[in-house]
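See structure below.
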Amino acid sequence: MKKGDHLFLVDGSGYIFRAYHALPPLTRKSDGLPTSAVLGFCNMVWKLTQDARNTDVGIVPTHFAVIFDYSSKTFRSDLYPEYKANRSAPPEDLIPQFGLIRQATRAFNLPCLETEGYEADDLIATYCRLACEAGADTTIISSDKDLMQLVGPTVAMYDPMKDRQIGVPEVIEKWGVPPEKMIDLQALTGDSVDNVPGVPGIGPKTAAQLLEQFGDLDALLARAGEIKQDKRRESIIANADKARISRELVTLKNDVPVSEGLDQFVLQAPDGPRLIGFLKTMEFTSLTRRVAEATGTDPGDVAATAVTIERADTAHGPDMGFGAPAAAENIPAPSDEAPAEAAKQGDTPSLLSALRLEAATARKIDTGAYVSIRDAATLRAWIAEAMETGIVAFDIEASSPDPMQAELIGLSMATAPGRAAYVPLAHKSGNGDLLGGGVVENQIPIREALGILKPLLEDKSVLKIVQELKYDLVVMSRHGIDVAPFDDTMLISYVLDAGTSGGHGMAALSEKWLGHSPIALKDLAGSGRSFVGFDQVDIDKATAYAAEHADVTLRLWRVLKPRLAAKGLVSVYERLERPLVPVLARMEQRGISVDRQILSRLSGELAQGAARLEDEIYQLVGERINIGSPKQLGDILFGRMGLPGGSKTKTGQWSTSAQLLEDLAAEGHELPRKIVDWRQLTKLKSTYTDALPGFVHPDTKRVHTSYALAATTTGRLSSSDPNLQNIPVRTVEGRKIRTAFIADKGNKLVSADYSQIELRVLAHVAEIPQLKQAFADGADIHAITASEMFNVPVEGMPAEIRRRAKAINFGIIYGISAFGLANQLSIPREEAGAYIKKYFERFPGIRDYIDATKAYAREYGYVETIFGRRIHYPEIRSSNPSVRAFNERASINARLQGTAADIIRRAMIRMDDALEKAKLSARMLLQVHDELVFETVEAEVEATIPVVRHVMENAAMPAVSMSVPLHVDARAADNWEEAH
DNA sequence: ACAGAAGCTTA
DNA sequence: GTAAGCTTCTGTT
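Going by the UniProt record's numbering, the first residue of the first sequence is number 1, and it counts up by one from there.
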């Protein structure tokens with residue numbers, strides 16, 4: 001060994017005890033063998049020997065050794081019989097781990113050292129001295145204060161649980177004395193655990209102060225009479241002997257006779273197969289994977305190796321892991337699955353689903369059994385466990401349902417059913433009205449906690465399971481964490497059960513699958529006016545609530561995930577649902593600029609217009625009624641004024657619908673016209689010009705909508721808070737609102753929308769030759785339809801004829817009925833029925849399509865899109881004819897609307913990649929069912945449009961090669977109105 | 001304070 | 001005739 005070399009000495013025995021108490025209990029799946037300390041040890045050694053960036057040490061060692069206590073009997077017992085005499089026997093589930101850690105050390109191909117009559121600390125001191133004499137540096141892997149006396153210019157310590165180096169400054173900070181005075185300090189303070197007496201009444205603070213004052217222990221004992229405090233002086237004088245013997249006990253021997261020289265500690269590359277054999281035996285799956293990757297070993301080629309296990313009933317002390325074990329058993333290579341599922345080989349996914357469901361409901365949920373994580377070490381331990389299992393469910397608690405505004409309050413995770421914990425981060429105490437509420441003590445600072453969590457949440461080998469992932473994705477992204485990979489239980493449920501009764505929220509899923517009602521938020525934090533914010537919730541209650549979420553999420557995942565495979569829906573989930581989540585999260589985070597001045601001006605104009613109409617309406621009515629009240633309005637119009645044609649709603653009220661009022665207006669009545677106009681103006685004002693500015697984010701100054709992925713039955717998205725999928729476009733007045741949606745300076749908005757996508761889907765799935773041809777020719781589809789039906793040439797076709805054909809085309813998409821078409825066209829039902837009959841004669845494929853869809857839905861209870869998305873209609877067999885008819889229409893529509901929704905989803909999923917590949921900076925902002933809105937710098941507009949169009953028009957490929965081309969219109973402008 | 005109905009906006 | 005969300009009014013809790 002030479003200058004520049006770096007020796008790592010691991011305090012193996014110290015690590016075992018510390019890891020045992022700090023890490024959550026973990027057992028080998030196949031037989032329940034306790035392994036948490038072994039796993040912690042293996043992870044630590046692997047980290048330390050692999051990459052300097054893994055740890056705070058920042059250096060990969062050239063030499064490495066692991067050192068253990070030989071037995072509890074050492075020279076110190078001869079010196080002082082009571083030394084370590086009050087140590088109780090180690091916990092039962094720790095005993096087998098002593099031997100396993102030694103075996104792990106050998107599997108790592110590392111020196112495993114112990115010497116009879118000495119403690120590990122003495123060997124460490126000895127090798128430290130030898131390394132120092134050779135001019136090399138040493139790092140002791142331990143945080144034991146007994147070893148701090150060794151710290152110096154070439155010797156540091158490293159705390160593997162806290163990932164922290166301990167050098168001279170850290171020792172001084174912690175104990176108030178430099179390392180060379182640690183012996184004297186320990187001599188004074190003693191150690192109750194090791195039964196080192198020390199001087200009664202002297203603790204670390206006093207000891208440090210006395211050593212500062214007198215220099216060292218000898219000087220202190222010689223001049224003890226000078227101590228001013230009576231009690232302290234008397235105690236030191238009376239216990240001087242105890243102090244001296246304590247000093248001998250805590251002084252490490254650095255001249256233990258050793259057989260191995262430092263040169264035998266040169267760090268070797270790991271023997272892949274040997275190490276993997278051991279790790280497989282221990283069933284450390286994710287570490288096995290990492291080691292296999294790093295060593296280029298195929299774990300499938302390696303058989304699990306036999307290990308020797310010492311049983312608690314045959315072990316006779318804490319240090320029994322050496323020599324021949326009294327009893328040993330060879331453990332066979334484990335299977336990959338837990339015993340309950342081990343028999344599944346060759347079984348169907350359906351059977352696995354059934355097993356999982358049984359298992360999920362078998363173990364009851366106990367909200368009292370969850371853990372509150374209040375310090376970084378415990379958090380790290382849970383993370384280590386999650387890293388090991390490779391699967392973790394998590395959930396965040398925050399201050400707002402809006403992920404763009406939400407402040408983190410806490411975070412929960414679950415690593416196995418029933419094993420869940422909550423990490424409070426920002427809980428406050430008291431009602432906070434006087435001093436702003438005190439922050440509850442013992443919460444890990446948010447930054448630190450996120451720093452610890454980030455590697456887990458971003459680790460490619462750990463699957464994160466979340467219910468309603470997008471919310472968490474947005475919140476975590478705001479904290480610089482990109483969660484991946486992930487599963488979303490809400491989306492799995494949506495893929496499995498869209499259309500079946502009940503939603504896909506956690507409470508509903510928990511009751512449906514686990515037969516368990518989780519704690520309701522309103523029971524903890526109140527609701528409405530009495531709502532207090534989650535940060536006011538008592539941490540024990542918050543733990544029960546939040547950890548339960550993680551626990552339930554994990555259990556749901558175990559139940560639901562296998563059902564995807566059993567029902568052949570894996571690819572729908574993996575290709576249409578899951579990848580869209582981060583896409584939407586990014587869109588929501590970006591938001592869109594809204595010009596508040598435009599809205600404010602419009603609002604003023606609308607108010608004026610509405611006020612004028614109000615005056616005129618009051619004149620006509622003769623009193624100041626509430627125009628917004630359909631009840632009052634109906635009474636006035638059809639009661640007092642006796643207008644004709646009144647009809648009743650299902651609650652017996654007079655109907656005052658726009659359609660009805662329009663009809664009256666057409667007959668020359670003045671009042672209904674004004675009411676319709678008033679409604680339009682007040683609707684625009686209240687829903688848009690007045691409400692939208694309230695959604696402008698205080699920091700980003702943009703509007704961030706929220707897209708729901710699992711809200712519709714057909715696969716469409718929905719938008720809320722605010723809904724940006726129903727911004728007016730049909731009337732001139734309404735369109736003005738769109739001019740307020742603008743691009744940032746130097747940018748343009750690009751709007752790209754599919755032309756007639758649902759009719760194209762219809763032409764494709766129903767295989768209608770005339771429609772396919774019309775789309776292939778780029779012809780006017782409604783004119784062609786009219787021409788076919790009414791034998792009128794397309795050239796010079798009257799607008800009314802085309803309008804009727806258009807209504808029929810849309811009617812088909814909606815699952816046509818004579819009643820509906822008659823309403824739409826304001827024609828008698830018989831006439832509408834005749835149109836439909838005619839239509840089916842000209843396009844018999846459409847009648848076949850409708851009949852086939854109804855029959856399919858009736859047989860299976862669901863229909864599918866061309867990409868395999870399933871939409872359920874449980875009431876399709878209802879004996880109620882109108883219920884049945886409604887379900888039939890909905891199922892006909894669902895295939896078309898759902899397929900179109902799938903197509904635009906596919907486009908959205910591919911869009912960001914395509915733009916990036918083309919080196920374009922355009923960013924997707926909005927989706928409105930068949931339209932995508934982008935924002936891009938002016939200079940790139942021309943290059944962006946073809947890329948966007950290409951992705952959208954080819955979105956069905958390669959899964960489905962459509963027999964009808966998709967067509968996309970795209971335009972750029974400064975605002976949404978002009979771009980659309 | 002909340003729920004449902006009516007009405008209106010979008011694709 | 002399909003699929004959504006938001007505002008206002010109204011009656012109940």
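Where a beta carbon is used, it is the ideal one built from N, C-alpha and C, also for glycine.
{"Asked": "If you drop the 5 nearest sequence neighbours on each side, which residues of the same chain put their C-beta closer than 8 Å to that of V676?", "Found": "A658, L661, E662, A665"}
{"Asked": "According to DSSP, simplified to helix, strand and coil, what is N254?", "Found": "coil"}
{"Asked": "If you count every other CB in all the chains shown that lies within 10 Å of the CB of F531, and 16 or more means buried, which is it?", "Found": "exposed"}
{"Asked": "Write down every uninterrupted run of the alpha helix (DSSP H) in the region 755-798 whose length is 4 residues or greater and which is fully enclosed by it, in chain order.", "Found": "757-765, 769-777, 781-790"}
{"Asked": "Please confirm whether A857 and Y839 have their CB atoms less than 7 Å apart.", "Found": "no"}
{"Asked": "Can you tell me where the alpha helix (DSSP H) with I236 in it begins and where it stops?", "Found": "230-238"}
{"Asked": "What is the DSSP secondary structure of residue 983, reduced to helix, strand or coil?", "Found": "Lying outside 1 to 980, the shown extent of the chain, residue 983 is not represented and no answer is given."}
{"Asked": "Three Cβ pairs or more, each shorter than 8 Å: is that satisfied between the region 890-908 and the region 862-878?", "Found": "yes"}
{"Asked": "Taking the continuous beta strand (DSSP E) assigned at S718, which residues delimit it?", "Found": "718-720"}
{"Asked": "Round the Cβ separation of R555 and L602 to the nearest angstrom and send it over; I've been treating them as touching at under 8 Å.", "Found": "That belief does not hold up - the Cβ atoms of R555 and L602 are roughly 51 Å apart, past 8 Å."}
{"Asked": "When you compare only the Cα positions, how much space is there between A520 and A542?", "Found": "11 Å"}
{"Asked": "Do three or more CB pairs link the region 177-196 to the region 214-230 at distances below 8 Å?", "Found": "yes"}
{"Asked": "Note down, in chain order, each residue of its chain lying with its Cβ closer than 6 Å to the Cβ of Q443, except the 5 sequence neighbours on either side.", "Found": "P424, L425"}
{"Asked": "Using CA coordinates, which residue listed in K736, V794, S891, P455 is at the minimum distance from R53?", "Found": "P455"}
{"Asked": "As a quick exercise: from R447, K650, G646, R847, pick the residue whose alpha carbon is nearest that of P672.", "Found": "G646"}
{"Asked": "Mapping the DSSP letters down to three states, classify G32 as helix, strand or coil.", "Found": "coil"}
{"Asked": "Quick check on T314: buried or exposed, where buried means 16 or more other Cβ atoms within 10 Å of its Cβ?", "Found": "With a pLDDT of 38 at T314, under the threshold of 50, the modelled position of that residue is not reliable, and the figure given next carries that caveat. Exposed, since its Cβ has fewer than 16 Cβ neighbours within 10 Å."}
{"Asked": "Which term fits E329, buried or exposed, when burial requires 16 or more other beta carbons within 10 angstroms of its beta carbon?", "Found": "Residue placement at E329 is poorly supported in this model, since its pLDDT is 34, which falls under 50; the coordinates are not used for a value here."}
{"Asked": "At the level of alpha carbons, what is the spacing between L966 and D912?", "Found": "20 Å"}
{"Asked": "Taking its Cβ as the centre, do 16 or more other Cβ atoms sit within 10 Å of A343, making it buried, or is it exposed?", "Found": "Per-residue confidence for A343 stands at a pLDDT of 36, beneath the threshold of 50, marking its modelled position as unreliable; no derived number is given."}
{"Asked": "Any heavy atom of the ligand MG closer than 6 Å to the Cβ of E670?", "Found": "Absent from the structure shown: the ligand MG. Ligands present: none."}
{"Asked": "Once the 5 residues before and after E767 are set aside, which same chain residues still bring their CB inside 6 Å of it?", "Found": "G845"}
{"Asked": "Helix, strand or coil, according to DSSP, for V948 in the structure here?", "Found": "helix"}
{"Asked": "With a threshold of 7 Å on Cβ separation, who are the neighbours of D336 within its own chain once the five nearest residues in sequence on each side are excluded?", "Found": "Model confidence at D336 stands at a pLDDT of 33, short of 50, so the residue's coordinates are unreliable and nothing is read from them."}
{"Asked": "Does DSSP classify H21 as helix, strand or coil?", "Found": "helix"}
{"Asked": "Starting from E935 and walking both ways along the beta strand (DSSP E), at which residues does that stretch end?", "Found": "931-937"}
{"Asked": "With burial defined as no fewer than 16 other Cβ atoms inside 10 Å of the residue's Cβ, what is the status of T297: buried or exposed?", "Found": "buried"}
{"Asked": "Which of helix, strand or coil does DSSP assign to residue 990?", "Found": "Nothing in the structure corresponds to residue 990, since the chain is present only between 1 and 980."}
{"Asked": "In the structure shown, what three-state DSSP assignment does I808 receive?", "Found": "helix"}
{"Asked": "Give, in chain order, every unbroken run of the alpha helix (DSSP H) that is at least 4 residues long and sits entirely within the region 824-877.", "Found": "829-842, 844-860"}
{"Asked": "If I'm right that K29 touches E388 with Cβ under 8 Å, what's the distance once you round it to whole angstroms?", "Found": "The pair is not a contact, with the Cβ atoms about 11 Å apart (cut-off 8 Å)."}
{"Asked": "Cβ of R356 within 7 Å of Cβ of R558?", "Found": "yes"}
{"Asked": "Locate the alpha helix (DSSP H) running through residue 992, then write down its first and last residues.", "Found": "Lying outside 1 to 980, the shown extent of the chain, residue 992 is not represented and no answer is given."}
{"Asked": "Look at A939 and V750 and say whether their C-beta atoms are less than 7 Å apart.", "Found": "no"}
{"Asked": "Given R590, which residues of its chain have a CB within under 7 Å of its CB, disregarding the five upstream and five downstream residues?", "Found": "R923, L925"}
{"Asked": "What is the DSSP secondary structure of V594, counted as helix, strand or coil?", "Found": "strand"}
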